[in-house]
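Enquirer:
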Amino acid sequence: MDDDSEQGLLNMTVPSVWKTKRGKPKTLADELGAFEEFGKETIVLYNQIAGLSVPVFINEFWTSGQRQANKLHEISYRACFKPQLPKFFIDRLTEAGDVVYDPFMGRGTTLIEAALLGRVPMGCDINPLSSLLTAPRLRIPNIEDIEARLRSLELDEPIETREDLLAFYHPNVLTKVCNLRQYFIDRRAAQANDSIDDWIQMVATNRLTGHSPGFFSVYTMPPNQAVSVDSQMKINEKRKQTPPERDIIAIILKKSRALMKEIDPDQQGLLSNSASRSLLLARSCDDTPEIAHDSVSLVVPSPPFLKIVAYELDNWLRCWFNGINPGDVHLWQIQDPAAWQAKMTDVFRELRRVLKPGGHIAFEVGEISHGKIKLEDLVIPAGHDAGLEVRLVVINDQDFTKTSNCWGVSNQTKGTNTNRIVLLRKAS
Ligand SMILES: C[S@@+](CC[C@H](N)C(=O)[O-])C[C@H]1O[C@@H](n2cnc3c(N)ncnc32)[C@H](O)[C@@H]1O
-12 MDDDSEQGLL NMTVPSVWKT KRGKPKTLAD ELGAFEEFGK ETIVLYNQIA GLSVPVFINE
48 FWTSGQRQAN KLHEISYRAC FKPQLPKFFI DRLTEAGDVV YDPFMGRGTT LIEAALLGRV
108 PMGCDINPLS SLLTAPRLRI PNIEDIEARL RSLELDEPIE TREDLLAFYH PNVLTKVCNL
168 RQYFIDRRAA QANDSIDDWI QMVATNRLTG HSPGFFSVYT MPPNQAVSVD SQMKINEKRK
228 QTPPERDIIA IILKKSRALM KEIDPDQQGL LSNSASRSLL LARSCDDTPE IAHDSVSLVV
288 PSPPFLKIVA YELDNWLRCW FNGINPGDVH LWQIQDPAAW QAKMTDVFRE LRRVLKPGGH
348 IAFEVGEISH GKIKLEDLVI PAGHDAGLEV RLVVINDQDF TKTSNCWGVS NQTKGTNTNR
408 IVLLRKAS
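Read in order, the letters of the sequence shown are residues -12 to 415 in my numbering.
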C-alpha cells in the first residue's frame, strides 16, 4: 500500500539508493525503485512538469517475464492494454472487495482483471459495444447451456439480408448472421435476454470478421478493424477468394471454450460474486452520477489518445450486428492538445469526486510514437488542476536499456513495447 512516507525520494537519482537495507518496501515508490524481478534494475529520473518534480521509474515491471494473462481477456478491441498493466496496480494498491473503476472501459480489461482478483469492477464507456463485450464475461454461463441455446435457434429461416455483406460472407452464413442479429435485437427489445444470450452475442460479435477459419467471414481484417465493403471486394479480388461456408455454431462454441479454458471454480465464484456488485455505464465518463462520492479505491484507465483511432469506422460492422447506430455514439477524438488536456481535467475532477480519500488513479498515457508529444506533459497539469496529487510516473519498458535515453528530458524517439502510467492520488 502506498502512503505518504516517501522521504528521500526527491534526492534519489540512481537506483542503487533503493538497495539500502530497508527491508520490505513500504511504499509503491520504494518497491518500484528496488524492483528487479526480471533481472534489471530500475532507472529513476526526475521530470520537471508544470512546476512539479515528478519521479519517473523505468523498468520491465510486467509482461514478457510473466505468465500469460487469463484467456478470458482474449476479446479483440482497438487500443486495449494488456491485463498485466491493471493487475500490477490492483495487486499493489487495493484489497479484496475494493472498487476498481475504468472510465474508458473498452473491452473491459481492467474490470475483468479486477473481478478475477476479487475486487468490485466498475466501468464506463461512451461506446455501447464496450458493455456488450465486458458484462457477459462477469456472468459466464456453462457451455452446455450455450450449445443448447444455439441449437434451439432458427438460423436458416429466410430473412432480409444486407446484400453488400456478401463480400464477407457465404450466402448461407449471411442468412445465419442476420437471423442471429435479429434474435438479439428482439430479445433485448423485449428485455428477455439472459446471460446465455449475452455471452453468445459477445462471442458472435468477436467472430464476425477475421483472418482465419475461426471467424464467420472470408479472410479479412479482425472485427475491431472492419474494412469497408469496397476494400473487402478488392481483398477478395487480389486473393482470388470467395467467402466460404462456415459452421457458425461450431465457431462460437470453440471460442467460448477458449475464453473459459482457464476459469476454475474459484474464479467462477469470484466473477459471479463481483458481477452482482458491478456497475457498467454507457455514457461519457466526465459525468457519472450513478457512481457514489468517495467510493472507488483505484482507477485504471487508458484514454482516447490525441492521435485519431477511428473507432467509429473500425466498428461499423460490430455496430450493425448489435443494432447500434454509429452516428449516435460520440466518442472523443480530440486532436488539439489543449482541448484534450481540458477534457482530461474534467475527467479528473469527476474521478476525484468518486475516489475515496487516499484512492489512486493509474492513468495510462500510451506509447511514444514518433515522439512529438509526451502525454504525461498534458496529464500531469490536468490532474494537478483537478486537485489531485501527482505521485510518480511508471514506465514499463521491455527494452528500456536501448531506449531509456528517450525518457529523460531530451529527445523522444520511438519507444518499443512501452507503457507509461501517471500515478495520481486523492489526498487522504
Ligand atoms: C484506449 S481505449 C480503452 C481501452 C481499454 N483500456 C481496454 O483495455 O480495452 C479508449 C476508450 O475510450 C472510449 N471513449 C471515448 N470517449 C469517451 C468518453 N467521453 N467517455 C467514456 N469513454 C470514452 C472509447 O470508446 C474507447 O473504448
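Cβ coordinates follow ideal geometry from the N, Cα and C atoms, glycine included.
1. Whose beta carbon lies closer than 5 Å to any heavy atom of ligand 1, going through the chain in order?
2. When we look at the beta-carbon of Ala154 and count the other beta-carbons within 10 Å, is it buried (16 or more) or exposed?
3. Compute the Euclidean distance between the alpha carbons of Pro416 and Lys361, then round it to the nearest angstrom.
4. Could you tell me which uninterrupted alpha helix (DSSP H) segments, each at least 4 residues in length, are contained entirely in the segment 50 to 82, listed from first to last along the chain?
5. First and last residue of the alpha helix (DSSP H) that includes Gly110?
6. Of the choices Ile127, Lys163 and Glu134, whose alpha-carbon is the least far from that of Glu141?
7. Can the beta-carbon of Met109 be found closer than 9 Å to that of Ser243?
8. Helix, strand or coil: how does DSSP classify Leu167 here?
9. CB-CB under 6 Å to Cys306, same chain, minus the five flanking residues each way: which ones, in chain order?
10. Could you give the residue range of the beta strand (DSSP E) that holds His347?
11. Are the beta-carbon atoms belonging to Arg226 and His157 less than 9 Å from one another?
12. In the DSSP assignment, find the unbroken beta strand (DSSP E) run with Asn193 in it and report its ends.
13. Nearest by alpha-carbon distance to Val287: which of Lys248, Asn223, His347 and Glu277 is it?
14. Is Glu232 helix, strand or coil by DSSP?
15. Quick check: Leu246 and Glu61, are their CB atoms within less than 9 Å of each other?
16. Anyone know if the C-beta pair for Pro90 and Cys111 falls short of 9 Å?
17. Cα separation between Ser259 and Thr81?
18. If you follow the beta strand (DSSP E) that Pro42 is part of, which residue opens it and which one closes it?
19. So what's Val86 in DSSP terms, helix, strand or just coil?
20. Can you tell me where the beta strand (DSSP E) holding Asp384 begins and where it ends?
21. Provide the residue(s) that pair with Ile30 in DSSP beta bridges, ordered along the chain.
22. Can you list, in chain order, the residues of its chain whose CB lies under 7 Å from that of Asn(-2), leaving out five sequence neighbours each side?
23. Near Thr275, which residues of its chain fall below 8 Å by C-beta distance, leaving aside the five closest residues on each side in sequence?
24. Can you say whether Asp151 is buried or exposed, counting buried as having 16 or more other CB atoms within 10 angstroms of its CB?
25. Please check the pair Asp333 and Asp273, which I expect to be a contact at CB under 8 Å, by giving their CB distance rounded to whole angstroms.
26. Please determine, among Leu195, Ile235 and Leu39, the residue with the shortest C-alpha to C-alpha distance to Val214.
27. For Ser40, count neighbouring C-beta atoms within 10 Å of its own C-beta (all shown protein chains included) and say buried if the count is 16 or more, exposed if not.
28. Going by DSSP, what residue range makes up the beta strand (DSSP E) through Asn406?
29. Tell me which same chain residues have a C-beta within less than 6 Å of the C-beta of Tyr64, skipping the five on either side of it?
30. Am I right that Pro42 and Ala16 are in contact with their C-beta atoms under 8 Å? What's the rounded C-beta distance?
31. Taking the straight line between their C-alpha atoms, what separation do you get for Val316 and Arg270?
32. Which one of Ala37, Ser117, Leu257 and Pro70 has the shortest CA to CA distance from Leu125?
33. Please look up how many angstroms separate the CB atoms of Asp253 and Ile36, rounded, as I've assumed it's under 8 Å.
34. What is the residue span of the beta strand (DSSP E) that Ser265 lies within?
35. Where does Ser139 sit, in a helix, a strand or coil, going by DSSP?
36. In the DSSP assignment, find the beta strand (DSSP E) that holds Val286 and state where it starts and stops.
Expert: So, from the data block:
1. Every residue with a CB closer than 5 Å to a heavy atom of ligand 1 is listed here in chain order: Tyr64, Ala66, Cys67, Phe68, Phe91, Gly93, Arg94, Thr96, Asp112, Ile113, Asn114, Ser271, Cys272, Ser289, Pro291, Leu318 and Trp319.
2. The sequence position of residue 154 within the sequence shown is 167, counting from 1. With 16 or more other Cβ atoms within 10 Å, it is buried.
3. Since the first residue of the chain shown is -12 and the last is 415, residue 416 is not available in this structure.
4. 71 to 80
5. Position 123 of the sequence shown, counted from the start, is the residue given in the question as residue 110. No alpha helix (DSSP H) holds Gly110; the beta strand (DSSP E) holding it covers Val107 to Cys111.
6. Mapped onto the sequence shown, residue 141 falls at position 154. Closest by alpha carbon: Lys163.
7. Working through the sequence shown from its first residue, we reach residue 109 at position 122. Working through the sequence shown from its first residue, we reach residue 243 at position 256. No, these two residues do not count as a Cβ contact at 9 Å.
8. On the sequence shown, residue 167 is found 180 positions in, with the first residue counted as 1. Residue state, collapsed to three classes: helix.
9. As a position in the sequence shown, residue 306 is number 319, starting the count at 1. The residues are Pro313.
10. Numbered from its first residue, the sequence shown carries residue 347 at position 360. From DSSP, the beta strand (DSSP E) with His347 extends over Leu342 to Glu351.
11. The residue labelled residue 226 in the question sits at position 239 within the sequence shown. The residue labelled residue 157 in the question sits at position 170 within the sequence shown. In terms of Cβ geometry, Arg226 and His157 do not form a close pair [threshold 9 Å].
12. One-based indexing of the sequence shown puts residue 193 at position 206. No beta strand (DSSP E) contains Asn193, which is instead part of the alpha helix (DSSP H) from Ser182 to Arg194.
13. Along the sequence shown, read from residue 1 onward, the residue named residue 287 stands at position 300. Comparing Cα-Cα distances from Val287 to each of Lys248, Asn223, His347 and Glu277, the minimum goes to His347.
14. Stepping through the sequence shown from its first residue, residue 232 is reached at position 245. In the structure shown, Glu232 sits in coil (DSSP, three-state: anything other than H, G, I, E or B).
15. Numbered from 1 along the sequence shown, position 259 holds the residue referred to as residue 246. Numbered from 1 along the sequence shown, position 74 holds the residue referred to as residue 61. Contact: yes.
16. The count along the sequence shown starts at 1 and reaches residue 90 at position 103. The count along the sequence shown starts at 1 and reaches residue 111 at position 124. Yes, these two residues count as a Cβ contact at 9 Å.
17. Mapped onto the sequence shown, residue 259 falls at position 272. Mapped onto the sequence shown, residue 81 falls at position 94. Looking at the two C-alpha atoms, the distance is approximately 19 Å.
18. As a first step, residue 42 is located in the sequence shown; it is residue number 55 there, counting from the start. Run containing Pro42: Leu39 to Asn46, per the beta strand (DSSP E) assignment.
19. Here residue 86 refers to the residue found at position 99 of the sequence shown. Here Val86 sits in strand by DSSP.
20. Taking the first residue of the sequence shown as position 1, residue 384 is located at position 397. First-last of the beta strand (DSSP E) with Asp384: Glu376 to Asp384.
21. Position 43 of the sequence shown, counted from the first residue, corresponds to residue 30. According to DSSP, Ile30 bridges with Ile45.
22. As a position in the sequence shown, residue -2 is number 11, starting the count at 1. Confidence in Asn(-2) is poor, its pLDDT being 33 and thus under 50, which makes the residue's placement unreliable; the coordinate value appears in the next sentence. Here the set comprises nothing.
23. Taking the first residue of the sequence shown as position 1, residue 275 is located at position 288. Result list for Thr275: Pro90, Cys111, Leu268, Glu337 and Val341, in chain order.
24. Residue 151 sits at position 164 when you count from the first residue of the sequence shown. Exposed, by the Cβ-count rule.
25. Along the sequence shown, one-based indexing puts residue 333 at 346. Along the sequence shown, one-based indexing puts residue 273 at 286. Indeed, because the Cβ distance is near 4 Å, the residues count as touching under 8 Å.
26. Taking the sequence shown and counting its residues from 1, the one referred to as residue 214 is at position 227. Out of Leu195, Ile235 and Leu39, Leu195 has the C-alpha closest to the C-alpha of Val214.
27. Sequence index remark: in the sequence shown, residue 40 carries index 53 (1-based). Classification of Ser40: exposed, given that the 10 Å Cβ count is below 16.
28. One-based indexing of the sequence shown puts residue 406 at position 419. Unbroken beta strand (DSSP E) run through Asn406: Thr405 to Arg412.
29. Against the sequence shown, residue 64 aligns to sequence position 77. Answer for Tyr64: Gly93, Arg94 and Asn211, listed in chain order.
30. Locating residue 42 in the sequence shown gives position 55, counting from the first residue. Locating residue 16 in the sequence shown gives position 29, counting from the first residue. Pro42 to Ala16, Cβ: 7 Å. Contact.
31. Here residue 316 corresponds to residue number 329 of the sequence shown, with the count starting at 1. Here residue 270 corresponds to residue number 283 of the sequence shown, with the count starting at 1. Roughly 9 Å between the two C-alpha positions.
32. The sequence position of residue 125 within the sequence shown is 138, counting from 1. Selected option, being the one with the closest Cα: Leu257.
33. Within the sequence shown, residue 253 is the residue found at index 266, counting from 1. Within the sequence shown, residue 36 is the residue found at index 49, counting from 1. Not really, about 43 Å apart at Cβ, beyond 8 Å.
34. Along the sequence shown, read from residue 1 onward, the residue named residue 265 stands at position 278. First-last for Ser265: undefined, no H or E at that position.
35. As a first step, residue 139 is located in the sequence shown; it is residue number 152 there, counting from the start. Here Ser139 sits in helix by DSSP.
36. Locating residue 286 in the sequence shown gives position 299, where the first residue counts as 1. Note, Val286: beta strand (DSSP E), Val283 to Val286.
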